[in-house]
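Chemist: Sharing a structure below in structure tokens format, with a few things to ask.
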Amino acid sequence: MKVVVCVKQVAALGDEVEFTDDERDVDPDFLDYALNEWDTYATEEALRLTEASGGEVVVVSVGPEDVEDCMRRCLAMGADRGIRVESDEKLDPIQVARALVEVVQGESPDLVFTGVQSADAVQAATGTALAELLDLPRVAVVTKIELGDGKATVSRELEGGLVDIVEVDTPALLTIQTGINEPRYATLRAIKQAEEKEIDVRQPGDLGEPAYRVRKMFVPPKGEGAEMLNGSAADVAQRIKEIVEDKKT
Amino acid sequence: MARDPKYDILFEPIQLGPKTMKNRFYQIPHCNGFGSEKPMSQAYFRAMKAEGGYGACCTEYCSIHPESDDTHRVSARLWDDDDIKNLGLMCEMLHEHGALAAAELWYGGPHAPCMESRAVPRAPSQIPSDFEHLTYPKEMDKDDIREVQGFYVEAAKRAREAGFDIVYVYGSHSYLPQQFLTPYYNKRTDEYGGSLENRARFWRETIEQVKDAVGDDCAIAVRMSTDMFMGEAGTQLERDCLPFVELVDDIVDVWDINVSGISEWGEDATPSRWYPSGRLLPWQKAVKDVSKKPVLGVGRFTNPDLMVEAINGGSLDIIATCRPSISDPFLPLKIDEGRLDDIRECIGCNICISRWEIGGPPLICTQNATAGEEYRRGWHPEKFDPATNADNDVLVVGAGPAGMECAMVLGKRGMRRVHLVEAADDMGGIMRWIPQLPGLGEWARVVNYRKIQIDKLKNVEFIPNTELDPEGVKSYGAEIVIIATGGYWSTDGLNGATHDTIPGADASKPNILTPEQIMRDGKEVPGNRVVIIDNDGYFMGVSLAEKLAMEGKQVTIMTHLGHHAPYMHFTLEAPNMHRRLHQLKVEMVTYQIPTQIGNGGLTSVHAYDEEHATEWEADAVVLVTQRRSNEALYRELKDKVGIDALQSEGITGFYRIGDCEAPRLVADCVFSGHRLAREIDSDDPETPLPFKRERAVIEREAVLTA
Numbered sequence: 566m567k568v569v570v571c572v573k574q575v576a577a578l579g580d581e582v583e584f585t586d587d588e589r590d591v592d593p594d595f596l597d598y599a600l601n602e603w604d605t606y607a608t609e610e611a612l613r614l615t616e617a618s619g620g621e622v623v624v625v626s627v628g629p630e631d632v633e634d635c636m637r638r639c640l641a642m643g644a645d646r647g648i649r650v651e652s653d654e655k656l657d658p659i660q661v662a663r664a665l666v667e668v669v670q671g672e673s674p675d676l677v678f679t680g681v682q683s684a685d686a687v688q689a690a691t692g693t694a695l696a697e698l699l700d701l702p703r704v705a706v707v708t709k710i711e712l713g714d715g716k717a718t719v720s721r722e723l724e725g726g727l728v729d730i731v732e733v734d735t736p737a738l739l740t741i742q743t744g745i746n747e748p749r750y751a752t753l754r755a756i757k758q759a760e761e762k763e764i765d766v767r768q769p770g771d772l773g774e775p776a777y778r779v780r781k782m783f784v785p786p787k788g789e790g791a792e793m794l795n796g797s798a799a800d801v802a803q804r805i806k807e808i809v810e811d812k813k814t
Numbered sequence: 105m106a107r108d109p110k111y112d113i114l115f116e117p118i119q120l121g122p123k124t125m126k127n128r129f130y131q132i133p134h135c136n137g138f139g140s141e142k143p144m145s146q147a148y149f150r151a152m153k154a155e156g157g158y159g160a161c162c163t164e165y166c167s168i169h170p171e172s173d174d175t176h177r178v179s180a181r182l183w184d185d186d187d188i189k190n191l192g193l194m195c196e197m198l199h200e201h202g203a204l205a206a207a208e209l210w211y212g213g214p215h216a217p218c219m220e221s222r223a224v225p226r227a228p229s230q231i232p233s234d235f236e237h238l239t240y241p242k243e244m245d246k247d248d249i250r251e252v253q254g255f256y257v258e259a260a261k262r263a264r265e266a267g268f269d270i271v272y273v274y275g276s277h278s279y280l281p282q283q284f285l286t287p288y289y290n291k292r293t294d295e296y297g298g299s300l301e302n303r304a305r306f307w308r309e310t311i312e313q314v315k316d317a318v319g320d321d322c323a324i325a326v327r328m329s330t331d332m333f334m335g336e337a338g339t340q341l342e343r344d345c346l347p348f349v350e351l352v353d354d355i356v357d358v359w360d361i362n363v364s365g366i367s368e369w370g371e372d373a374t375p376s377r378w379y380p381s382g383r384l385l386p387w388q389k390a391v392k393d394v395s396k397k398p399v400l401g402v403g404r405f406t407n408p409d410l411m412v413e414a415i416n417g418g419s420l421d422i423i424a425t426c427r428p429s430i431s432d433p434f435l436p437l438k439i440d441e442g443r444l445d446d447i448r449e450c451i452g453c454n455i456c457i458s459r460w461e462i463g464g465p466p467l468i469c470t471q472n473a474t475a476g477e478e479y480r481r482g483w484h485p486e487k488f489d490p491a492t493n494a495d496n497d498v499l500v501v502g503a504g505p506a507g508m509e510c511a512m513v514l515g516k517r518g519m520r521r522v523h524l525v526e527a528a529d530d531m532g533g534i535m536r537w538i539p540q541l542p543g544l545g546e547w548a549r550v551v552n553y554r555k556i557q558i559d560k561l562k563n564v565e566f567i568p569n570t571e572l573d574p575e576g577v578k579s580y581g582a583e584i585v586i587i588a589t590g591g592y593w594s595t596d597g598l599n600g601a602t603h604d605t606i607p608g609a610d611a612s613k614p615n616i617l618t619p620e621q622i623m624r625d626g627k628e629v630p631g632n633r634v635v636i637i638d639n640d641g642y643f644m645g646v647s648l649a650e651k652l653a654m655e656g657k658q659v660t661i662m663t664h665l666g667h668h669a670p671y672m673h674f675t676l677e678a679p680n681m682h683r684r685l686h687q688l689k690v691e692m693v694t695y696q697i698p699t700q701i702g703n704g705g706l707t708s709v710h711a712y713d714e715e716h717a718t719e720w721e722a723d724a725v726v727l728v729t730q731r732r733s734n735e736a737l738y739r740e741l742k743d744k745v746g747i748d749a750l751q752s753e754g755i756t757g758f759y760r761i762g763d764c765e766a767p768r769l770v771a772d773c774v775f776s777g778h779r780l781a782r783e784i785d786s787d788d789p790e791t792p793l794p795f796k797r798e799r800a801v802i803e804r805e806a807v808l809t810a
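The structure is reproduced here in structure tokens:
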């Protein structure tokens, strides 16, 4: 059984933020990078399934050489192979899906996993776009997977603690929710071994036109609205009382 | 990051007499164990706070004359020209960072037992000290008064020559000027006793004389206790303090405001167990309301919002800190740079104070392992040299205080990868449950600070829910392995009193329990009557007594000593602890050695009379007898697996730190982890590098031929 897990290196804001000259993005000097939190859970789920029934976990990502750091975290957890599609550009979810489709198809996987969303762009669209391009059934926000014969019974997380149970034919693409499992940690040995592993690099095909363009990125201006109440708990409580009394009259 | 504008007031300069202080951060006079006779340690210690942004730093209490000799405790001294040279270094280093230097001129009277100088202290009336019970003063006549006032003047001149910008006429904590002011100490019937004007006379004259001598060059500070909480006999706010402030306000440049006397000065240097930050604000405000001069004072302030409120609310002009400056000398700078979550907050454990109380040792700090080590070991709290062997991966087993500190410092020293692996679901170890004892919530800051720092370190990964066995450690893939698996309370009653176990002591039984079984594991304390066997000497026994009594149990606590929790006298927590346990009707029993524990209770004999046995009924017996190291993992790796086998796995360094080496104070666990991390690239990291000792070294030839 083969599971392909699509992972992303996401950016996190540091303590200070400055923008690029064109004001359309954060200056990369002010960003920290890490593996997308959802992808850790997706990788763990893939490992559990293949450990139970035998098989292979292949980790795939799109980006410059830097993103291999994140891929190696997945390899350190136990993923077998990594494939990176080279790209230096900022891509929208559909372009990413286009970049991935050839590689994923080439693996003929039983299951394709993505995270529900990425922590930086938060579009929650790449998995669905990829499923469409692969012509695979897609279930989103998955919190439990039970494999059957040519199908899977899958739980989806809804609002208010409700769970939707769906039966889907495999191969299928599932977008994985955090909390589906408890991801394992990689020992230093595993991390070192993952460093040595070669990651297969492919060139992207035609990624097409972007579906949208960022016009401007900025920090929203601070409004006048909030009065900060400082001091000890007793002082703050007194001030709140005064404000409430004030508003009443 | 930038300073939050709401803290701007803390960075406004302020005039103190002829001097300008660059901001509102003031390191109050406090002891460090260095005095004038360890001048390098003294200067480096104080200068670190100036580097950290403090606008002024003070000496500890600074003796003006050999008659004020507090040996065995360590004060600074300004007795002669050599003292000027020694303390001059401190002034120079403070000035380099733009901070003012202050000397807290002190004459102790009978509280200073003069055990080195063998001089006789003088005092307003001849009553032995309520702090040093064997010391009697000479009762001062007018000549004595003139002479001692002259000591202040000469000392102030020496202070000026050393480079001090501020000189104190210090009375707080029941020292000489305050002794004159206070009926408890002053039974005089001449013009120096009786009415408030008379009782104030000595202090007022001394301030006048000091101001005459140095007031053009130095700011004159007066440190006063506003209320000794002793009723009519002690200094009282309305009757004595506020009128005194009004009387001398014109000639004082800055007020330093305390409460309490000396025998219970924990009411002033408040442990977090009993008081929150800012306890003194009402008294400080009372003084500020009647004074036209700047008012400063302490309150265990760690939170900049509270500091701003204290100033904006009219209680203080200047925020003084002692313990928060020890736990983080860089508090001002971190507020200035908007790095609030980098502030290493004081936990109010008073371990620092306990070292002065013991008499002799240099201070230590639970939160800041570098406190006191600035010169001795060259440690800087914010600077960490990259390790020369940084190209190594480190496994730290156990995320208690020692493990967290070690992993954090290794991370800051740039080790390639550090894995901090913990069996439980979160960091903290023993400091997860100790702060859950009554009153100790602020002690959790030990964990909070390190959690935040470790989270920021990209080369340190925290791995919970993972218990490593010897094979797991061996094959983990680290080049350096550090075992930090902590300790546990003895389950068989092994104790330092008898050096033996207690017959019948077996904490696997439901009616016999240890502290962590109760606090960490949730083991039920059966029934109603509890007997705690306490041979520990610090807080564990009495804290559990308090907790269980609060839960409605009938508690007896017994110790082999004549005193419960003697170390808590040094941390200033004891008086209120006794009040609290008395209020909770805890039965406190001394001089008892348990001889047999049964199902319904235990038997004990008197420590000095084996024939005198007592039977105690108990539904539950709690063993607080002694701690042991959790050294099983370390021992298996070293003895069974063997160093050779570890080396063939690529492990070039194998160490242990903290309680799993030997149980100790949390402050010492943090130190243990810190030291190993600082010295991880020495030739033999297991052996601490020698530290600098300030001492006279004799050149034999020179002495013999002289």
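First to last, the protein sequences are chains A and B.
So the first sequence is numbered by this note's numbering: it starts at 566 and just counts up by one.
So the second sequence is numbered by this note's numbering: it starts at 105 and just counts up by one.
All C-beta atoms in this analysis are idealised placements derived from N, C-alpha and C, irrespective of residue type, glycine included.
The model shown is predicted, which means the values in this text are computed figures rather than measured ones.
#1: I need the DSSP call for B:T492, collapsed to helix, strand or coil.
#2: Give the range of the beta strand (DSSP E) segment to which A:R767 is assigned.
#3: Thinking C-alpha only, which one of B:S381, B:Y148, B:L300 is nearest B:E342?
#4: By the 7 Å beta-carbon criterion, what residues does the segment 392-416 of chain B contribute toward chain A?
#5: Quick check: what's the CA-CA separation for B:D445 versus B:K689?
#6: When you compare only the Cα positions, how much space is there between A:R589 and A:R780?
#7: From the DSSP output, in three-state form, read off B:F284 for me.
#8: Given a cut-off of 8 Å, decide if A:T735 and A:R721 are closer than it, judged by their beta-carbon atoms.
#9: Does DSSP put B:F674 in a helix, a strand or coil?
#10: Using a C-beta cutoff of 8 Å, does B:S376 count as contacting chain A?
#11: Select from B:P380, B:M334, B:E350 the residue whose C-alpha is nearest the C-alpha of B:E368.
#12: Work out the CA separation of B:E650 and B:D269 for me, nearest whole Å.
#13: Can you name the residues of chain A whose CB is closer than 9 Å to the CB of B:G382?
#14: Taking all protein chains shown into account, do 16 or more other C-beta atoms lie within 10 angstroms of the C-beta of B:D625, making it buried, or fewer, making it exposed?
#15: Quick one: any contact between the segment 607-621 of chain B and the segment 692-710 of chain B, if contact means 3 or more CB pairs under 8 Å?
#16: Does A:L612 get closer than 8 Å to chain B when you measure Cβ to Cβ?
#17: Pop quiz: B:M474 and B:D785 are said to be a contact at Cβ under 8 Å. What is the actual Cβ separation, rounded to whole angstroms?
#18: Compute the distance between the beta-carbons of B:V564 and B:G532, then report whether it is under 8 Å.
#19: Chain B partners of A:D800, CB-CB under 9 Å?
#20: CA-CA distance, A:T691 and A:L665?
#21: My output table needs one value for B:Q700: the three-state DSSP class, helix, strand or coil.
#22: Should A:D580 be flagged as near chain B, meaning a C-beta pair shorter than 8 Å?
#23: Excluding five sequence neighbours on each side, which residues of the same chain lie with their C-beta closer than 7 Å to the C-beta of A:M636?
#24: From this set, A:M782, A:V677, A:L596, which residue's C-alpha is nearest A:E621's C-alpha?
#25: Taking A:K709 as part of the beta strand (DSSP E), name the residues at either end of that continuous run.
#26: At 8 Å on the CB atoms, spell out the chain B contacts of A:M793, in chain order.
#27: Just checking: is the beta-carbon of B:G581 within a distance shorter than 8 Å of some beta-carbon in chain A?
#28: Residues in the same chain with beta-carbon distance under 7 Å from B:M811, minus the five sequence neighbours each way, listed in chain order, please.
#29: With 7 Å as the limit, tell me which residues of the segment 560-593 of chain B have their beta carbon closer than that to any beta carbon of chain A; keep them in chain order.
#30: Taking contact to mean 3 or more Cβ pairs, one atom from each stretch, closer than 8 Å, check whether the segment 193-200 of chain B and the segment 150-157 of chain B are in contact.
#31: Less than 8 Å separating the beta-carbons of B:G581 and B:R732?
#32: Which runs of the alpha helix (DSSP H), 4 residues or longer, sit entirely within the segment 322-357 of chain B?
#33: For A:L753, decide whether its Cβ has a neighbour in chain B, counting only Cβ atoms nearer than 8 Å.
#34: Beta-carbon separation of B:V394 and B:A325 under 8 Å?
#35: Mind checking the segment 469-500 of chain B against chain A and listing, in chain order, the residues whose C-beta falls within less than 7 Å of any C-beta there?
#36: Which residue from B:T663, B:W378, B:E546 puts its Cα closest to that of B:Y695?
Modeler: By the coordinates alone:
#1: coil
#2: 765-767
#3: B:L300
#4: D409, L410, V412, E413
#5: 41 Å
#6: 6 Å
#7: helix
#8: no
#9: helix
#10: no
#11: B:M334
#12: 47 Å
#13: S797
#14: exposed
#15: yes
#16: no
#17: It is worth fixing the name first, because residue 474 of chain B is Thr in this sequence and not Met. Rounded, the Cβ-Cβ distance is 18 Å, inconsistent with contact.
#18: no
#19: E413, G417
#20: 10 Å
#21: strand
#22: yes
#23: V572, V624, S626, G647, R649, I764
#24: A:V677
#25: 703-712
#26: K110
#27: yes
#28: This structure cannot speak to residue 811 of chain B, because chain B is shown only from 105 to 810.
#29: I567, T570, S579, Y580, G581, A582
#30: yes
#31: no
#32: 346-352
#33: yes
#34: no
#35: D497, L499
#36: B:T663
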